[in-house]
Each structure stands twice: as structure tokens, then as C-alpha cells.
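Q: Structure provided below as C-alpha cells; questions to follow.
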């Protein structure tokens with residue numbers, strides 16, 4: 668039984684991202700305190716997201732829990748990011764999406780992080796050992 672089934676708590680990709688990026692940011696997010704929505708960096712990220720890959724159907728909401736930027740025809744889910752400066756949170760956010768979909772019975776998918784500004788991509792796979800780590804992350808998020 669996975670953590671989301673045990674607690675019935677929904678975890679978003681943003682929570683996973685903030686878990687790796689900054690625990691204080693995660694705490695603020697959990698308390699619905701969002702201070703960066705007006706920052707230039709957030710605006711630039713949204714602009715890149717909106718203007719990149721215009722032919723793709725974007726913001727695919729699954730269970731009102733995860734939002735996938737777009738899904739390619741090749742069973743690859745894509746996340747579009749502004750910069751690769753903090754790559755670990757991006758990787759784990761995408762691994763969480765892959766894990767979440769696996770819990771829903773979706774098999775045979777992989778992930779790709781797209782950095783359009785850098786003209787770079789990074790392939791992401793859900794490894795067997797990631798299951799345990801994701802469950803531990805979700806448990807820790809509930810304690811923050």
C-alpha cells in the first residue's frame with residue numbers, strides 16, 4: 668500500500684519540488700502562503716511554459732493532484748523548466764509523476780525535462796529504488 672492510499676492526502680508536484688528546493692518554501696506552500704507569484708522569475712517561467720511547445724496540449728490535470736506539462740506521442744511525459752540550475756527538484760518532481768501514474772496502473776512511460784531556453788533535455792526514469800524514496804519523501808512532507 669502506498670503512502671497516498673494510507674493517508675488519502677494528495678501530494679502535488681510543487682510539494683515534491685519544494686521538498687528538495689527549500690523546506691521553508693514547502694511549509695509556506697502547505698499553509699497556502701505564496702509570496703513569489705509576482706516575482707519576475709515566476710513570470711518568466713510561466714512565459715516560457717506558455718510559449719514553448721505550442722502545438723502540444725498543455726497542463727494535463729490528473730485527479731486534481733498532478734499537472735503534467737504535456738505528453739508526447741511516444742509515452743513520454745514532459746516537464747518544461749526555465750533553467751537547470753536546480754535540477755534535482757525537477758528530476759524528483761517528474762519521478763513523482765511517473766510514480767503516481769504507476770500507482771494508477773499506467774506502465775511503460777518515461778519522463779523528459781525540457782529546458783527550451785537552453786535547448787536542452789534530460790531523460791528521467793523511475794528506477795526500482797525510487798519507490799521507497801518517494802514514499803519516505805511523502806511521509807516527511809506530511810510532517811512539515
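In the working numbering, the protein residues as written are 668 to 811. All C-beta atoms in this analysis are idealised placements derived from N, C-alpha and C, irrespective of residue type, glycine included.
Note down, in chain order, each residue of its chain lying with its Cβ closer than 7 Å to the Cβ of residue 733, except the 5 sequence neighbours on either side.
A: Excluding residues within five positions, the ones whose Cβ falls inside 7 Å are 679, 680, 764 and 767.
Q: Could you tell me which residues DSSP puts in a beta bridge with residue 781?
A: According to DSSP, which records beta bridges pairwise, residue 781 is partnered with 747 and 788.
Q: Considering only the alpha carbon of each residue, which of 799, 794, 726 and 789 lies closest to residue 774?
A: Answer by Cα proximity: 794.
Q: Specify the secondary structure class of residue 776 as computed by DSSP and reduced to three states.
A: The answer is coil: DSSP assigns residue 776 none of H, G, I, E or B.
Q: Tell me the residue span of the beta strand (DSSP E) that contains residue 752.
A: First-last for residue 752: undefined, no H or E at that position.
Q: Could you tell me the alpha carbon to alpha carbon distance between residue 771 and residue 730, rounded to whole angstroms?
A: C-alpha separation (whole angstroms): 10 Å.
Q: Do residue 758 and residue 791 come within 8 Å of each other at the CB atom, strictly closer than that value?
A: Cβ atoms of residue 791 and residue 758: closer than 8 Å.
Q: Is it buried or exposed for residue 762, if we count other Cβ within 10 angstroms and need 16 for buried?
A: The residue is buried, with at least 16 neighbouring Cβ atoms inside 10 Å.
Q: What do you reckon, are the CB atoms on residue 782 and residue 748 nearer than 8 Å?
A: The answer is yes: Cβ separation under 8 Å.
Q: Quick check on residue 728: does DSSP put it in helix, strand or coil?
A: It is a strand residue.
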